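Going line by line, the protein sequences match chains F and P. Numbering-wise (the working numbering), the first sequence opens with residue 1 and increments by one. Numbering-wise (the working numbering), the second sequence opens with residue 250 and increments by one. Positions of the beta carbon are idealized from the N, C-alpha and C atoms, including for glycine. Note that this is a predicted model, so its numbers are computed, not measured. Contents: one structure, followed by commentary.
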Amino acid sequence: MVTFFEWFGDLGIFCGRLARSAFVPPCEARELVRQLDEIGTKSLPLVALAGAATGAVLTLELRDSLTVFGAKSLLPAVIIFSIVKESGPIITGLVVSGRVAAGIGAELGSMKVTEQIDAIEVSAVNPYKFLAATRVLACVLMLPLLTLAADFCGILVGWVTDTLVQPISLRLFLENGLKNVNFNDFLPPTFKTAVFGLIIGLVGCFQGMRTQGGTEGVGRSATNSVVLCSLFIILADVLLVRLIQVFFP
Amino acid sequence: MGESERIGRPIVIKALHKSFGDQTVLNGIDLAVERGETLAILGRSGTGKSVLLKLIIGLQEPDSGSIRVHGQEITGLALNELNEVRKKVGFLFQYAALYDSLTVEENVAFPLKRHAALSAGEQKERVRELLSSVGMEQHWEKMPSKISGGMQKRVGLARALALEPDILLFDEPTAGLDPITAREIGELILGLQEQRKRACIMVTHDMLNAKTVSDRLALMGGGDILAEGTFKDLQESHNEFVAQFLSNAF
Numbered sequence: 001m002v003t004f005f006e007w008f009g010d011l012g013i014f015c016g017r018l019a020r021s022a023f024v025p026p027c028e029a030r031e032l033v034r035q036l037d038e039i040g041t042k043s044l045p046l047v048a049l050a051g052a053a054t055g056a057v058l059t060l061e062l063r064d065s066l067t068v069f070g071a072k073s074l075l076p077a078v079i080i081f082s083i084v085k086e087s088g089p090i091i092t093g094l095v096v097s098g099r100v101a102a103g104i105g106a107e108l109g110s111m112k113v114t115e116q117i118d119a120i121e122v123s124a125v126n127p128y129k130f131l132a133a134t135r136v137l138a139c140v141l142m143l144p145l146l147t148l149a150a151d152f153c154g155i156l157v158g159w160v161t162d163t164l165v166q167p168i169s170l171r172l173f174l175e176n177g178l179k180n181v182n183f184n185d186f187l188p189p190t191f192k193t194a195v196f197g198l199i200i201g202l203v204g205c206f207q208g209m210r211t212q213g214g215t216e217g218v219g220r221s222a223t224n225s226v227v228l229c230s231l232f233i234i235l236a237d238v239l240l241v242r243l244i245q246v247f248f249p
Numbered sequence: 250m251g252e253s254e255r256i257g258r259p260i261v262i263k264a265l266h267k268s269f270g271d272q273t274v275l276n277g278i279d280l281a282v283e284r285g286e287t288l289a290i291l292g293r294s295g296t297g298k299s300v301l302l303k304l305i306i307g308l309q310e311p312d313s314g315s316i317r318v319h320g321q322e323i324t325g326l327a328l329n330e331l332n333e334v335r336k337k338v339g340f341l342f343q344y345a346a347l348y349d350s351l352t353v354e355e356n357v358a359f360p361l362k363r364h365a366a367l368s369a370g371e372q373k374e375r376v377r378e379l380l381s382s383v384g385m386e387q388h389w390e391k392m393p394s395k396i397s398g399g400m401q402k403r404v405g406l407a408r409a410l411a412l413e414p415d416i417l418l419f420d421e422p423t424a425g426l427d428p429i430t431a432r433e434i435g436e437l438i439l440g441l442q443e444q445r446k447r448a449c450i451m452v453t454h455d456m457l458n459a460k461t462v463s464d465r466l467a468l469m470g471g472g473d474i475l476a477e478g479t480f481k482d483l484q485e486s487h488n489e490f491v492a493q494f495l496s497n498a499f
């Protein structure tokens with residue numbers, strides 16, 4: 001129990017240091033761009049594939065279920081609603097947490113045990129700003145964009161799967177699917193992934209920068225980063241869905 | 250303020266204490282280094298030698314005691330003030346601690362980009378100068394993982410020299426190197442001292458290197474300085490631990 005509260009206390013101190021350093025010049029633009037590429041561009045194929053698989057599976061499962069209830073015509077709408085409102089964001093969050101949180105945890109952990117973080121400090125550069133703030137900001141910025149990619153691939157592959165069974169034009173599929181979708185159905189669920197990005201960035205950096213104990217410690221940091229990020233993303237999703245329902249009815 | 254501080258000793262340490270849990274690592278260390286002097290700190294593993302260096306550069310906070318760098322007390326300094334002190338101190342880490350994701354050139358340029366008011370061209374020229382001074386000008390494009398341990402130490406040294414510090418701290422500069430490369434690193438440090446008189450502290454297990462490079466040696470044990478002086482002074486010491494340490498070192 002003490003360790004549990006100690007962990008949250010340390011995370012609070014870490015967030016405080018990060019917040020203090022993030023808004024002080026100079027701007028680490030080059031490192032931020034590198035991280036946007038590392039976290040965003042390099043996660044894109046994985047996210048797109050996960051989105052596509054989700055679209056295919058949803059279509060296959062829902063087609064039979066809706067046929068049973070005589071509501072097959074609702075298939076495009078159910079697929080699009082389901083992907084845009086929940087599947088796309090949560091799949092993106094979990095896939096990116098697996099790839100990026102582990103990567104950040106392992107990279108910063110390795111830098112910690114090989115004294116590279118100390119070397120940054122000795123060079124009179126704040127590692128919280130240079131290493132952590134850039135990664136957290138990149139995660140926050142890239143998650144909504146990756147979610148859009150997952151949504152796009154999910155809907156497209158959902159249509160392909162549907163049309164293989166019963167041919168339907170993309171235009172008709174989208175018209176049927178998007179008929180009742182408004183901005184409140186689309187924007188809040190997409191932007192809630194910025195919170196997932198914040199969780200991935202913060203937990204990954206925090207676990208990495210507190211690594212102790214050589215290569216074993218690096219492995220532990222990477223694993224803990226993924227496990228904790230996934231857990232917090234799922235918990236945050238519950239809270240965020242309820243908040244979206246309240247504020248964007 | 251004592252006489253020595255008034256004439257400007259770059260590093261003055263007084264009654265320094267540091268513990269980790271129940272384990273006392275430094276138990277009231279007093280130490281001072283003159284300008285142009287190289288002090289080698291020797292001792293068995295785990296006696297707090299590296300901790301002492303990390304306290305001097307502000308990577309760790311002492312439990313009590315005083316550390317003055319260029320007359321400025323660094324314990325309890327705010328981060329931005331501490332960073333101003335750090336710019337005047339070069340630090341060579343035990344395994345060089347080069348940034349994996351940056352090339353040799355970018356590693357050396359790292360402190361210059363942030364703290365030196367140089368144009369891109371001047372910066373490049375300065376990096377080449379620094380790499381040339383450690384014999385690494387041919388390897389500027391390589392990643393740290395593609396060069397040997399000795400080469401990494403040289404690049405680490407070039408990076409430590411980037412901001413032209415008045416103080417240099419070396420943490421085991423010859424650890425993990427073969428005797429020939431270790432001697433080359435020692436000669437490099439000597440050469441740097443001849444070019445510009447800096448205050449240097451070198452933590453090492455390499456007695457031969459310490460004897461060659463340093464002006465003064467301090468032997469640590471039990472959280473304290475057990476003996477201090479020239480190599481000859483240590484040889485003549487009647488302290489049993491000092492005699493044992495020296496006899497085992499060669």
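Inset, instruction - Consult DSSP for F:I120 and reduce its assignment to one of helix, strand or coil. - result: Helix, per DSSP.
Legend entry - Counted within 10 angstroms of its Cβ, other Cβ atoms place F:L75 as buried (16 or more) or exposed: Per the 10 Å Cβ criterion, buried.
Inset, instruction - Return the first residue and the last residue of the beta strand (DSSP E) that P:I450 is part of. - result: Looking at the DSSP string, the run of the beta strand (DSSP E) that includes P:I450 is 448 to 452.
Legend entry - Helix, strand or coil at P:S315 [DSSP, three-state]: Reduced to three states, the DSSP call for P:S315 is strand.
Legend entry - Proximity to P:P414 [Cα-Cα], best of P:K391, P:T479, P:L406: Checking every option, the nearest Cα to that of P:P414 belongs to P:L406.
Legend entry - Chain-ordered residues of the region 363 to 391 of chain P with a beta carbon less than 9 angstroms from chain F: Of all residues in the region 363 to 391 of chain P, R363, H364 have a Cβ within less than 9 angstroms of some Cβ in chain F.
Inset, instruction - Taking F:E176 and F:A77 to be in contact with their CB atoms under 8 angstroms, please state how far apart those CB atoms are, rounded to whole angstroms. - result: Residue identity check: residue 176 of chain F is Asn in the sequence provided, not Glu. About 6 angstroms separates the two Cβ atoms, so the contact holds.
Inset, instruction - Over the uninterrupted beta strand (DSSP E) stretch that includes P:E477, give me the two end residues. - result: Unbroken beta strand (DSSP E) run through P:E477: 473 to 478.
Inset, instruction - Compare the C-alpha of F:P188 against each of F:A50, F:V84, F:V57 and name the closest. - result: The shortest C-alpha separation from F:P188 is found at F:V84.
Legend entry - Cross-chain neighbours of P:I260 in chain F, by beta carbon under 7 angstroms: Result: empty, since nearest Cβ-Cβ is about 15 angstroms, beyond 7 angstroms.
Inset, instruction - Determine whether the Cβ of F:A124 lies closer than 7 angstroms to any Cβ atom of chain P. - result: Output row for F:A124: interface = yes.
Legend entry - CB contact flag (F:G204, F:A132, <7 angstroms): Result no, Cβ atoms of F:G204 and F:A132 do not sit closer than 7 angstroms.
Legend entry - Other residues of its chain near F:V253: CB distance less than 7 angstroms, five sequence neighbours each side excluded: Chain F is shown from 1 up to 249; residue 253 of chain F falls before or after that span and cannot be answered.
Inset, instruction - Could you spell out where the beta strand (DSSP E) holding P:G277 opens and where it closes? - result: 272 to 282 is the extent of the beta strand (DSSP E) around P:G277.
Legend entry - Short CB-CB distance (under 7 angstroms) between P:F269 and chain F: By this cut-off, P:F269 is not an interface position.
Inset, instruction - State the start and end residues of the unbroken beta strand (DSSP E) segment that holds F:F81. - result: From DSSP, F:F81 is part of no beta strand (DSSP E) but of the alpha helix (DSSP H) over 75 to 82.
Inset, instruction - Count the other CB atoms, across all protein chains shown, that sit within 10 Å of the CB of F:Q116; report buried if there are 16 or more and exposed otherwise. - result: Under the 10 Å beta carbon count, F:Q116 is surrounded by 16 or more other beta carbons and is classified as buried.
Legend entry - Contact list for the region 44 to 72 of chain F against chain P, Cβ threshold 9 angstroms: Hits within the stretch: zero.
Inset, instruction - Name, in chain order, the residues that DSSP records as bridge partners for P:I292. - result: Reading off the sequence, residue 292 of chain P comes out as Gly, not Ile. For P:G292, the beta-bridge partners assigned by DSSP are P:M469.
Inset, instruction - Starting from P:E322, follow its DSSP beta bridges and name the residues at the other end. - result: P:E322 is bridged by DSSP to P:R317.
Legend entry - Chain-ordered residues of the region 431 to 447 of chain P with a beta carbon less than 7 angstroms from chain F: Here the close residues number zero.
Legend entry - First and last residue of the uninterrupted beta strand (DSSP E) at P:G339: Unbroken beta strand (DSSP E) run through P:G339: 338 to 341.
Legend entry - Length of the line joining the Cα atoms of F:V113 and P:G472: About 24 angstroms.
Legend entry - Spatial distance of F:S230 from F:V33 (CA atoms): Near 25 angstroms, if we compare the C-alpha coordinates of F:V33 and F:S230.
Inset, instruction - Determine, using beta carbons only, whether F:E115 comes closer than 7 angstroms to chain P. - result: Chain P, which has a Cβ nearer than 7 angstroms to the Cβ of F:E115, makes this yes.
Inset, instruction - Could you tell me which of P:D271, P:E489, P:E436 sits nearest to P:Q206, measuring between CA atoms? - result: The displayed coordinates of chain P run from 250 to 499. Any statement about residue 206 of chain P would go beyond what the structure contains.
Inset, instruction - Please compile the residues from chain P whose C-beta is within a distance smaller than 7 angstroms of the C-beta of F:A102. - result: Ordered by position in chain P, no residue passes the 7 angstroms Cβ test against F:A102, which lies about 17 angstroms from the chain.
Inset, instruction - Could you tell me which chain F residues have their CB closer than 8 angstroms to the CB of P:N488, listed as they occur along the chain? - result: For P:N488, there are no neighbours in chain F by C-beta distance under 8 angstroms, as the nearest C-beta there is about 33 angstroms away.
Inset, instruction - Could you name each continuous alpha helix (DSSP H) segment of 4 residues or more that falls completely within the region 413 to 465 of chain P, going from the start of the chain to the end? - result: Counting only runs of 4 or more, we get 428 to 444, 456 to 462.
Inset, instruction - Consult DSSP for P:M250 and reduce its assignment to one of helix, strand or coil. - result: Caution applies to P:M250, whose pLDDT of 47 falls short of 50 and renders its modelled position unreliable; the value that the coordinates give is listed next. Reduced to three states, the DSSP call for P:M250 is coil.
Inset, instruction - Below 7 angstroms CB to CB, which residues in the same chain sit around P:F480 once its five sequence neighbours on both sides are set aside? - result: Within the same chain, P:F480 has close Cβ partners K460, L466.
Inset, instruction - List the DSSP bridge partners of P:F269. - result: Answer is P:Q272.
Inset, instruction - Out of P:D279, P:N276, P:A289, state which residue places its alpha-carbon closest to the alpha-carbon of P:T423. - result: Its Cα nearest to that of P:T423, the residue P:A289 stands out among P:D279, P:N276, P:A289.
Legend entry - Cα-Cα separation between P:L341 and P:E283, rounded to whole angstroms: For P:L341 and P:E283, the distance between alpha carbons rounds to 19 angstroms.
Legend entry - Same chain, Cβ closer than 8 angstroms to P:S299, five either side skipped, listed in chain order: Counting only Cβ-Cβ distances below 8 angstroms, and skipping sequence neighbours, we find Q343, D420, E421, V452.
Inset, instruction - With hydrogens ignored, establish whether the beta-carbon of P:E371 is closer than 6 angstroms to any heavy atom of the ligand GTP. - result: Of ligands this structure carries none, so the ligand GTP is not represented either.
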